[in-house]
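Asks:
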Amino acid sequence: NTIVQIDAHPFMQWYKKHYGIEVGKKKKGAHGEEDAEEKKSFKVVSKQKARATGAKLDTTIEDQFQTGRLLACIASRPGQSGRCDGYVLEGEELAFYKRKLEKKKKA
Numbered sequence: 891n892t893i894v895q896i897d898a899h900p901f902m903q904w905y906k907k908h909y910g911i912e913v914g915k916k917k918k919g920a921h922g923e924e925d926a927e928e929k930k931s932f933k934v935v936s937k938q939k940a941r942a943t944g945a946k947l948d949t950t951i952e953d954q955f956q957t958g959r960l961l962a963c964i965a966s967r968p969g970q971s972g973r974c975d976g977y978v979l980e981g982e983e984l985a986f987y988k989r990k991l992e993k994k995k996k997a
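Count along the sequence shown starting at 1, add 890, and that's the number in the working numbering.
(1) So, using beta-carbon positions, are Ala-985 and Thr-949 closer together than 8 Å?
(2) May I have a chain-ordered list of the beta strand (DSSP E) segments no shorter than 3 residues that lie completely inside the region 938 to 970?
(3) Report yes or no: do the region 928 to 940 and the region 959 to 969 share at least 3 C-beta pairs separated by less than 8 Å?
(4) May I ask which residues mark the beginning and end of the alpha helix (DSSP H) holding Leu-991?
(5) Helix, strand or coil for Val-913? Go by DSSP, reduced to three states.
(6) Rank Val-978, Asp-975, Ala-940, Arg-967 by C-alpha distance to the C-alpha of Ile-911 and give the top, closest one.
Structure (structure tokens):
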């Protein structure tokens with residue numbers, strides 16, 4: 891397996907569409923601008939509200955969303971199909987690889 895940094899924007903868009911919560915943004919901008927709310931049906935709003943009750947992101951993942959980069963693990967074998975499969979790191983595995991990267995930067 892290989893650990894790589896990937897762009898977080900597709901994941902931010904999915905999270906907003908699925909849960910109705912924006913991640914990776916500062917709480918209140920200095921400009922005070924608010925985005926215009928898009929129209930959503932009552933059914934979509936109720937689904938997002940139900941999903942958002944159990945949605946809690948880890949603080950380390952939130953920090954990665956703010957930087958715009960996520961650490962991910964490539965789980966597929968290279969050169970077999972011309973595409974890449976993997977998963978986003980989280981929890982203890984993310985903490986382990988972050989420590990490894992910090993140690994590597996200091997050396």
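We put the beta carbon where it would ideally sit given N, CA and C, even for glycine. Source: prediction; values computed, not measured.
Replies: Looking at the atomic coordinates:
(1) Cβ distance not < 8 Å, so Ala-985 and Thr-949 don't count as in contact.
(2) Counting whole runs of 3 or more residues, the region 938 to 970 contains the beta strand (DSSP E) stretches 959 to 964.
(3) With the rule of 3 Cβ pairs closer than 8 Å, the region 928 to 940 does not count as touching the region 959 to 969.
(4) Segment 982 to 996, the alpha helix (DSSP H) holding Leu-991.
(5) Coil.
(6) Ala-940 is the residue among Val-978, Asp-975, Ala-940, Arg-967 whose C-alpha sits nearest the C-alpha of Ile-911.
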